[in-house]
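Asks:
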Amino acid sequence: MSDHDIRKIVIVGGGTAGWMAAAAFSALLDKAVEIILVESDEIGTVGVGEATIPPLIAFNNMLGINEDAFLAASQGTFKLGIEFVDWGGPGERYFHPFGPHGQDYSGVHFHQLYLREKKRHPLPDIRHWSMSGAAAELGRFARPGPDSRLPLSQLAYAFHFDAGLYARFLRGYAEKNGVRRVEGKIVEARVDGESGHVRAVTLADGTAIEGELFIDCSGFRGLLIEEKLGTGYEDWSRWLPCDRAVAVPSRLPGPPEPFTRSTARAAGWQWRIPLQHRMGNGIVYSSAHLERGDAEALLLANLEAEALAEPRHLAFTAGRRRRAWNANVVSLGLSSGFVEPLESTSIHLIQSGIAKLLALFPDRRFDPAERDEYNRQMKDVFEDVRDFIILHYKATRRDDSDFWNYCRTMDVPDSLAGKLELWRSKGRLFREGRELFGTPSWVAVLLGQGIVPEEQEPAVNAIDAEEAAEAIEKMRVSYRRMAEHMPSHADFIAQACRAG
Ligand SMILES: Cc1cc2nc3c(=O)[nH]c(=O)nc-3n(C[C@H](O)[C@H](O)[C@H](O)COP(=O)(O)OP(=O)(O)OC[C@H]3O[C@@H](n4cnc5c(N)ncnc54)[C@H](O)[C@@H]3O)c2cc1C
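So this is what it looks like as structure tokens:
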């Protein structure tokens, strides 16, 4: 180690964010760096956060985590996408699959050809041209194959898991790598008057824990980043008015499906996340449009099987911390901001924060250029996620409640308005920078919610319509056949990763 290297990191909080950070740092930083994680059983964790997106596979690989062992330990299942019910309008449903739709043809995006063909002849929903969508429809699962000529290579997946068991699994991993866990409630933090850096946190029993770099994973309150450093919060609730949730686990009514379901309700939406041992359920809603008691009653009335615990209520404000990294404190997880879980992005934002921090890891001189770059990148990734989530609320024809009337008619950020305009005219979408959601995701939601472009881009006209129609049909059949040959999701779990 050099003289300037960070020698001691203190992670404040032991939820998903704290243990993901502890696991990653313990695996990827110099073993001489001391890592301490402080958590309080008395305070506990947020206790939700059970659906993920495909980049988590890269996190597991980076840490050398065996996927089957991780799923067995966390009662996990596979996720091929999200089924959206009643979002465009009551009675409608669509699927947002992971992975691409079809194959591009002569440099033209598949959705352009699909849309032209749909004008000529009736065609089924675009999900039928997604390997993950076709498998999800039949309740099947297999891991993607390496042969890029076969449709199976296009299958993309993520996971559902029990949040508490996932944190426990990562804790075991991190402790094996030398992370020291301290149980206790932090009651004070000492800040150096000159540098403005946090020097130590003090527990209720008077123990002081000193550090050079602090990772604030303390949840919504932001113990260091906000309560101590007063960093400030950018509030996005004018675009994302949901500010409450109520969650409850229930018995599984049947074999777990390989997808999350999101059902729109009059003042928000309900999630349904199948695990190996139970179903995770919850309603995310706007407190300006629905009372707490009514939200709970709505949730309980819509369970498919018996509830397994008392409902748990949560409050939040959509938005992000103005600077994710302030002084020598980097916030990760809920302390850095929150965009509601409609596309299961929060755990990914933790992963993204960890990866960016490793790429811009400071030394004890804390170069402001590293911090500013980190903050710029985190701002971009949060805003990209924000726009994609707002799209789901804005792109609706629902006019059956005050909540939906507000969402349908609200102004949206300029970045999203520009995207919608380009799509509406000729179905064009451009992925900017490191945007998380690519063209297939936007296409799935836009078409799924009934926003159909007026025309196609001129390049489509250069492709013979009959030839394209034949190719489109061949693709659909090949996805379907491949899905039919896969094992059922339940059988796959039983063979590969059933919990002990
Ligand atoms: C309703 C809802 C649904 C969600 N669904 C999803 C989803 O499907 N997918 C997804 O990716 N994300 C989801 N999320 C987000 C996800 O839950 C979080 O990103 C994730 O759990 C990380 O939380 P955390 O570790 O930041 O905070 P927490 O779990 O709140 O952990 C905070 C930690 O800090 C500790 N702590 C706090 N104060 C002190 C103190 N004074 N002293 C010592 N320790 C302290 C606590 O004990 C705890 O260990 C959801 C969030 C909500 C609200």
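Using the working numbering, you'd call the opening residue of the sequence shown number 201 and step up by one each time. For glycine and all other residues, C-beta sits at the position ideal for the given N, C-alpha and C. Computed from a predicted structure; not experimentally measured.
#1: Could you pull the start and end residues of the alpha helix (DSSP H) that Ala569 belongs to?
#2: Measure the CB-CB distance between Ala515 and Val248 and report whether it falls below 9 Å.
#3: Skipping 5 residues on each side, what residues in its chain have a beta carbon closer than 7 Å to that of Leu560?
#4: Is it the case that the Cβ atoms of Val484 and Trp469 are separated by a distance below 9 Å?
#5: How is Arg380 classed by DSSP in three states: helix, strand or coil?
#6: Any heavy atom of ligand 1 closer than 8 Å to the Cβ of Thr216?
#7: Identify which residue in Ala699, Glu684, Asp599 has its Cα closest to the Cα of Phe341.
#8: How do the region 283-290 and the region 576-596 stand: do at least 3 beta-carbon pairs fall below 8 Å, yes or no?
#9: Would you kindly report the start and end of the unbroken beta strand (DSSP E) that includes Met479?
#10: What did DSSP end up calling Phe561 once you bin it into helix, strand or coil?
#11: What residue from Tyr314, Ser418, Val212, Ala221 has the CA that sits closest to Val246's CA?
#12: How many Å lie between His301 and Asp443 at the Cα?
#13: So does Val210 have its beta carbon nearer than 8 Å to some heavy atom of ligand 1?
#14: If you count every other CB in all the chains shown that lies within 10 Å of the CB of Gln695, and 16 or more means buried, which is it?
#15: Is the region 383-403 touching the region 488-507, taking contact as three or more C-beta pairs under 8 Å?
#16: Report, in whole angstroms, the separation of the C-beta atoms of Asp584 and Glu621, which I expect to be a contact under 8 Å.
#17: Is Phe538 near ligand 1, going by C-beta to nearest heavy atom under 8 Å?
#18: Measuring CA to CA, which of Ala662, Leu646, Gly493 is closest to Arg327?
#19: Quick one: which unbroken beta strand (DSSP E) runs of 3-plus residues sit fully inside the region 502-552? Chain order, please.
#20: Give, in chain order, every unbroken run of the alpha helix (DSSP H) that is at least 4 residues long and sits entirely within the region 331-365.
#21: Does the region 523-537 come into contact with the region 501-512, if we say contact requires no fewer than three beta-carbon pairs (one atom in each stretch) closer than 8 Å?
#22: Is Pro541 a contact residue of ligand 1, with contact defined as CB to any heavy atom under 8 Å?
#23: Measure the beta-carbon distance from Leu478 to Leu508 and round it to whole angstroms, keeping in mind my assumption that it falls under 8 Å.
#24: Determine the DSSP secondary structure at Gln476, reduced to helix, strand or coil.
#25: I think Tyr433 touches Gly553, with their Cβ atoms under 8 Å apart; what is that distance to the nearest whole Å?
#26: Go ahead and label Asn481 buried or exposed: buried means 16 or more other beta carbons lie within 10 angstroms of its beta carbon, across all protein chains shown.
#27: Ends of the beta strand (DSSP E) at Pro456?
#28: Can you tell me whether Phe298 sits near ligand 1, meaning its C-beta is under 8 Å from at least one heavy atom of the ligand?
#29: Can we say the region 247-265 touches the region 531-547, given the rule of at least three CB pairs closer than 8 Å?
#30: Can you tell me which of Phe588, Lys556, Asp392, Arg492 puts its alpha carbon nearest to the alpha carbon of Val539?
#31: With respect to the alpha helix (DSSP H) encompassing Val677, which residues constitute its N-terminal and C-terminal limits?
Replies: Inspection of the coordinates gives the following:
#1: 568-594
#2: Cβ atoms of Ala515 and Val248: not closer than 9 Å.
#3: Glu570, Glu573, Tyr574
#4: yes
#5: strand
#6: yes
#7: If we check each option's Cα against that of Phe341, Glu684 comes out closest.
#8: Yes, since at least three Cβ pairs between the region 283-290 and the region 576-596 fall closer than 8 Å, the two stretches touch.
#9: 479-485
#10: coil
#11: When only C-alpha atoms are compared, the closest one is Ser418.
#12: 33 Å
#13: no
#14: Classification for Gln695: exposed.
#15: no
#16: That belief does not hold up - the Cβ atoms of Asp584 and Glu621 are roughly 18 Å apart, past 8 Å.
#17: yes
#18: Leu646
#19: Those beta strand (DSSP E) runs which fall completely within the region 502-552 and span 3+ residues are 512-515, 519-521, 529-531.
#20: If we require 4 residues or more, the alpha helix (DSSP H) runs fully inside the region 331-365 come out as 331-338.
#21: no
#22: yes
#23: Checking the sequence shown, residue 478 turns out to be Arg, not Leu. Yes, Arg478 and Leu508 are in contact; Cβ-Cβ is about 6 Å, under 8 Å.
#24: Secondary structure of Gln476 (DSSP, three-state): coil.
#25: Contact doesn't hold; Cβ gap of about 16 Å is too wide.
#26: buried
#27: Looking at the DSSP string, Pro456 is not in any beta strand (DSSP E), and its letter there is neither H nor E.
#28: no
#29: yes
#30: Phe588
#31: 665-684
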